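As you go down the protein sequences, you meet chains A and B in turn. Each step along the first sequence adds one to the number in UniProt numbering, with nothing skipped, and position 13 is 13. Each step along the second sequence adds one to the number in UniProt numbering, with nothing skipped, and position 123 is 123. Just so you know, even glycine gets a beta-carbon here, dropped at the ideal spot from N, CA and C. Bear in mind that the values here come from a model prediction, so they are computed numbers and not experimental data. The structure under discussion appears below in the form of structure tokens.
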Amino acid sequence: MTTYTICIFTENTIGLLNRITIIFTRRRINIESLTVSETERKGVSRFTIVIKHESREEVEKLVRQIRKIVEVMAVFGYLNDEIVYNEIALFKISTPLGSKSLDVETINKEYKAWVVYWGLDYVVIEKTGNDTEIFEFFGYLKKYEILEFVRSGRVAVGKTEKGLVEYLPESEWAYYL
Amino acid sequence: MEAIASIKPETAHAVDAAPALAPAPTYINGSHALMKALLAEGVDTIFGYPGGAIMPVYDALYDYQDQINHILVRHEQGAGHAAQGYARVTGRAGICLVTSGPGATNLVTAIADALIDSTPLVCIVGQVGKKLLGTDAFQEADVMGVTMPITKWNYQITDADEVPEILSKAFYIAQSGRPGPVLIDMTKSAQLELMTKPYVYQRCQSLVSYRPRRIPKQEQVETAASLINSAKRPYIFAGHGVQIAKAEAELIEFAEKTGIPVATTLLGQSTISTNHPLYVGWLGMHGNYGPNVMTDQADVIIAIGMRFDDRVTGDASKYIKQAKVIHIEIDPSEIDKIIRADAPVVGDAKEVLKALLPLVKPNDHTVWRNEFRKYDAIENETITVPELTSLDGKIRMAEVIDMLSKKTKGEAILVTDVGQHQMMASRYYQFRKPNSLVTSGGMGTMGFALPAAFGAQVGAPDRQVVAIIGDGCFQMTLQELGTIVQNKQPVKAIILNNNFLGMVRQWQQLFHERRYSFVELQNPDFITIARGFGMDGQTCDQRDNLSDALDTLLAHEGPFLLEVIVEKEENVFPMVPAGASVSQIRLK
Ligand SMILES: Cc1ncc(C[n+]2csc(CCOP(=O)(O)OP(=O)(O)O)c2C)c(N)n1
Numbered sequence: 001m002t003t004y005t006i007c008i009f010t011e012n013t014i015g016l017l018n019r020i021t022i023i024f025t026r027r028r029i030n031i032e033s034l035t036v037s038e039t040e041r042k043g044v045s046r047f048t049i050v051i052k053h054e055s056r057e058e059v060e061k062l063v064r065q066i067r068k069i070v071e072v073m074a075v076f077g078y079l080n081d082e083i084v085y086n087e088i089a090l091f092k093i094s095t096p097l098g099s100k101s102l103d104v105e106t107i108n109k110e111y112k113a114w115v116v117y118w119g120l121d122y123v124v125i126e127k128t129g130n131d132t133e134i135f136e137f138f139g140y141l142k143k144y145e146i147l148e149f150v151r152s153g154r155v156a157v158g159k160t161e162k163g164l165v166e167y168l169p170e171s172e173w174a175y176y177l
Numbered sequence: 001m002e003a004i005a006s007i008k009p010e011t012a013h014a015v016d017a018a019p020a021l022a023p024a025p026t027y028i029n030g031s032h033a034l035m036k037a038l039l040a041e042g043v044d045t046i047f048g049y050p051g052g053a054i055m056p057v058y059d060a061l062y063d064y065q066d067q068i069n070h071i072l073v074r075h076e077q078g079a080g081h082a083a084q085g086y087a088r089v090t091g092r093a094g095i096c097l098v099t100s101g102p103g104a105t106n107l108v109t110a111i112a113d114a115l116i117d118s119t120p121l122v123c124i125v126g127q128v129g130k131k132l133l134g135t136d137a138f139q140e141a142d143v144m145g146v147t148m149p150i151t152k153w154n155y156q157i158t159d160a161d162e163v164p165e166i167l168s169k170a171f172y173i174a175q176s177g178r179p180g181p182v183l184i185d186m187t188k189s190a191q192l193e194l195m196t197k198p199y200v201y202q203r204c205q206s207l208v209s210y211r212p213r214r215i216p217k218q219e220q221v222e223t224a225a226s227l228i229n230s231a232k233r234p235y236i237f238a239g240h241g242v243q244i245a246k247a248e249a250e251l252i253e254f255a256e257k258t259g260i261p262v263a264t265t266l267l268g269q270s271t272i273s274t275n276h277p278l279y280v281g282w283l284g285m286h287g288n289y290g291p292n293v294m295t296d297q298a299d300v301i302i303a304i305g306m307r308f309d310d311r312v313t314g315d316a317s318k319y320i321k322q323a324k325v326i327h328i329e330i331d332p333s334e335i336d337k338i339i340r341a342d343a344p345v346v347g348d349a350k351e352v353l354k355a356l357l358p359l360v361k362p363n364d365h366t367v368w369r370n371e372f373r374k375y376d377a378i379e380n381e382t383i384t385v386p387e388l389t390s391l392d393g394k395i396r397m398a399e400v401i402d403m404l405s406k407k408t409k410g411e412a413i414l415v416t417d418v419g420q421h422q423m424m425a426s427r428y429y430q431f432r433k434p435n436s437l438v439t440s441g442g443m444g445t446m447g448f449a450l451p452a453a454f455g456a457q458v459g460a461p462d463r464q465v466v467a468i469i470g471d472g473c474f475q476m477t478l479q480e481l482g483t484i485v486q487n488k489q490p491v492k493a494i495i496l497n498n499n500f501l502g503m504v505r506q507w508q509q510l511f512h513e514r515r516y517s518f519v520e521l522q523n524p525d526f527i528t529i530a531r532g533f534g535m536d537g538q539t540c541d542q543r544d545n546l547s548d549a550l551d552t553l554l555a556h557e558g559p560f561l562l563e564v565i566v567e568k569e570e571n572v573f574p575m576v577p578a579g580a581s582v583s584q585i586r587l588k
């Protein structure tokens, strides 16, 4: 299984998420994570979808089908070594009186994570990183009582000279064939 | 941030502010805007069925009766198929107008059918008022959700001001690139409310996120040309895309210059006259023997406007492994989808052929082409001749089509339903004119033919339209007889009645040990039904009367239904069993 990160640039319209996910569903491809936000260009949204797949060919076919959606401007598929990517994880740790005290220094220095909220008897720690880093940190925090754990979808940018949106304007971006 | 302007859709129309001292302008409502938009797109025919959530549009239509011919069908599925028939023969979008909820869901089959057969449709569907959206209001259905996977594009209009821009987009998307159905879900409130700005209509020419490539890239054309020029056994597969692009003449010129044999897909039939020396037959599950077998011997395959449907390829993993594939397609997502292309050429078939023509060398592949003829002889001897000349038993489907073909000189538009009769019609009709077969290929929708034949007749009033229908299929949409009669369209319909769901029975016979599970039909008296609708008809069950019966049908002034009682347990051969490779094609 190879991990692919698919970046989709679209017009920002209602129902598009549905149209895109239908294509994954029809091909029985599971979405590992999905994030959407508007890009630096107004009206242009960027989807970052992570999937795992055995066949590159199938992923290419998937990309072509996505490109076919009228509101989709461009689709780019990446392998992990072609992108810089991260997720955000939040850990809610129970800290009632008398519980094991947090080693904030290790958390900060070793794991590059931060306490972002102090509650009465809990804290919320934020860790940004790729999934391996986040799970390493999870391993470390296991000795505390983890009340909640949540990860965001992946965000990614390509390791290219230009920004991807540069590929959007008028002429050649739509078809590489 | 300036760059943003350059990616704005060019369709956005300029709206001038009203002059300060002018009297308050009166703006039109959404329904009237819709009528004007349809007229601006040159629409003169609508197939529809009214209901509560579309009544404001019907009210506006009342004022436009002189310019727009609305045809009241008997079921929304009929509207969809009629619009498909219309679109297939005219090349322009067929228009459907239906109400919300059940009206829209009844249309769904035709929309899905149009998508897979690349047929342009603009479906306008009523929806409950904006305030009621999502409340499970009377006749509310999530039509956007339902049709999302089966439309090329869909959009919900909730605001009258959106009408001109969305309609122009809808027509552009439906008719350009690879054509397909679009659906506009229009709330009742948007139909009723007044626009807040003057109505301005600008036809859409391009969209930022959708740019079908018509003109191919020169490098791609050159690569393809050099493959063609060095090929020993090149072979053209002509699909529906050739006719959509109206590239029949270019195809023939190309084939004649290069001497390359041409086979067609089911939907590609009639692209080239069946008596053209370069035509070798049709491909696929029930296609001709030679074209299928020879697929395995070609060294270069030039696939034009076709998508390697599994009914064409059989087992795709064993298909044309030996050949280099040139895939000419306007839809880039079709390339490498089923069959890896060595030389993809993205573009409109007509433009690609025009670009290829000067680059290909004149050639003569007579020896290679003659190989096909050996197989033709085998097919003729084992299937065609016996089917056409055995004088025992009931009439055979083949005889009916063969005789019809001769009597119409191959010049009719054949509209077929789905099943054995469809394959027989395709096998035995000798097409002489382009754009003469309207059938449900990708979806295989029973009930397609009668309404589609009606739509085709409306779209091509000067041509003879003959529908070939199975007894099973006919009973799915026979109520459209009423539409045909009411609109005085001279559609000729032939039911090939074998009292079976014949195609399913054939599979049961061949692959399920003759366990005929629920395929026998107790049929009504079709002619009485036709008469009930006010249509003339007659039954023929004797071989000796067949010729007269066909003459009567063809000579009849108005619509006519001919029922032919045919052999009950006839099979269609050749046949590539599902999942087998094309070289395993069976002759019996
Ligand atoms: C709506 C629909 N339901 C079921 C089928 C499956 N099917 C394909 S062919 C066929 C039999 C058609 O029977 P008939 O119309 O009598 O034609 P024949 O094959 O006998 O010529 C059936 C049931 C279908 N294609 N479409």
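When you measure from the CB of residue i to every non-hydrogen atom of ligand 1, does any distance come out below 7 Å?
{"i": "Gly472 (chain B)", "result": "yes"}
{"i": "Asp309 (chain B)", "result": "no"}
{"i": "His75 (chain B)", "result": "no"}
{"i": "Met306 (chain B)", "result": "no"}
{"i": "Leu501 (chain B)", "result": "yes"}
{"i": "Thr132 (chain A)", "result": "no"}
{"i": "Leu496 (chain B)", "result": "yes"}
{"i": "Met73 (chain A)", "result": "no"}
{"i": "Glu417 (chain B)", "result": "Note that residue 417 (chain B) corresponds to Asp in the displayed sequence, not to Glu. Indeed, a heavy atom of ligand 1 lies less than 7 Å from the Cβ."}
Taking residue i as the reference, give the member of the options with the closest Cα.
{"i": "Gly98 (chain A)", "options": "A:Asn18, A:Ile31, A:Tyr78 and A:Tyr144", "result": "A:Tyr144"}
{"i": "Lys324 (chain B)", "options": "B:Glu256, B:Thr439, B:Gly442 and B:Arg233", "result": "B:Arg233"}
{"i": "Ala449 (chain B)", "options": "B:Val491, B:Asn435, B:Tyr428 and B:Arg427", "result": "B:Val491"}
{"i": "Glu87 (chain A)", "options": "A:Thr2, A:Arg154, A:Ile6 and A:Arg19", "result": "A:Arg154"}
{"i": "Phe138 (chain A)", "options": "A:Phe9, A:Glu58, A:Glu105 and A:Ala113", "result": "A:Ala113"}
{"i": "Ala137 (chain B)", "options": "B:Lys188, B:Gln269 and B:Pro25", "result": "B:Lys188"}
Going by DSSP, name the residue or residues bridged to residue i.
{"i": "His327 (chain B)", "result": "B:Ala303 and B:Pro344"}
{"i": "His70 (chain B)", "result": "B:Ile46"}
{"i": "Cys7 (chain A)", "result": "A:Thr48 and A:Phe76"}
{"i": "Tyr64 (chain B)", "result": "The partner list for Tyr64 (chain B) (beta bridge, DSSP) is empty, contrary to what the question assumes."}
{"i": "Asp185 (chain B)", "result": "B:Val125 and B:Gln156"}
{"i": "Ala316 (chain B)", "result": "In DSSP, Ala316 (chain B) forms no bridge with anything."}
{"i": "Phe372 (chain B)", "result": "Answer by DSSP bridge pairing: none, since Phe372 (chain B) is not bridged."}
{"i": "Glu563 (chain B)", "result": "B:Ile495 and B:Thr539"}
{"i": "Tyr210 (chain B)", "result": "B:Leu207"}
Where does residue i fall in DSSP's three states?
{"i": "Lys492 (chain B)", "result": "strand"}
{"i": "Glu10 (chain B)", "result": "Residue placement at Glu10 (chain B) cannot be trusted, given a pLDDT of 37 that sits under 50; the coordinates are not used to answer."}
{"i": "His421 (chain B)", "result": "helix"}
{"i": "Ala79 (chain B)", "result": "helix"}
{"i": "Asp336 (chain B)", "result": "coil"}
{"i": "Leu550 (chain B)", "result": "helix"}
{"i": "Pro234 (chain B)", "result": "strand"}
{"i": "Arg586 (chain B)", "result": "strand"}
{"i": "Glu148 (chain A)", "result": "strand"}
{"i": "His53 (chain A)", "result": "strand"}
{"i": "Val146 (chain B)", "result": "helix"}
{"i": "Met195 (chain B)", "result": "coil"}
{"i": "His365 (chain B)", "result": "coil"}
With distances taken between CB atoms, is the gap from residue i to residue j smaller than 8 Å?
{"i": "Val143 (chain B)", "j": "Gln127 (chain B)", "result": "yes"}
{"i": "Gly77 (chain A)", "j": "Val63 (chain A)", "result": "yes"}
{"i": "Arg28 (chain A)", "j": "Thr39 (chain A)", "result": "no"}
{"i": "Lys361 (chain B)", "j": "Glu567 (chain B)", "result": "no"}
{"i": "Phe237 (chain B)", "j": "Ala255 (chain B)", "result": "no"}
{"i": "Leu388 (chain B)", "j": "Val466 (chain B)", "result": "no"}
{"i": "Val125 (chain B)", "j": "Gly48 (chain B)", "result": "no"}
{"i": "Ser440 (chain B)", "j": "Val418 (chain B)", "result": "yes"}
{"i": "Arg178 (chain B)", "j": "Ile330 (chain B)", "result": "yes"}
{"i": "Glu82 (chain A)", "j": "Glu11 (chain A)", "result": "no"}
{"i": "Trp282 (chain B)", "j": "Ser426 (chain B)", "result": "yes"}
Taking 8 Å as the threshold (beta carbon to beta carbon), is residue i in contact with chain C?
{"i": "Met148 (chain B)", "result": "The question asks about chain C, but that chain is absent: this structure's protein chains are A and B."}
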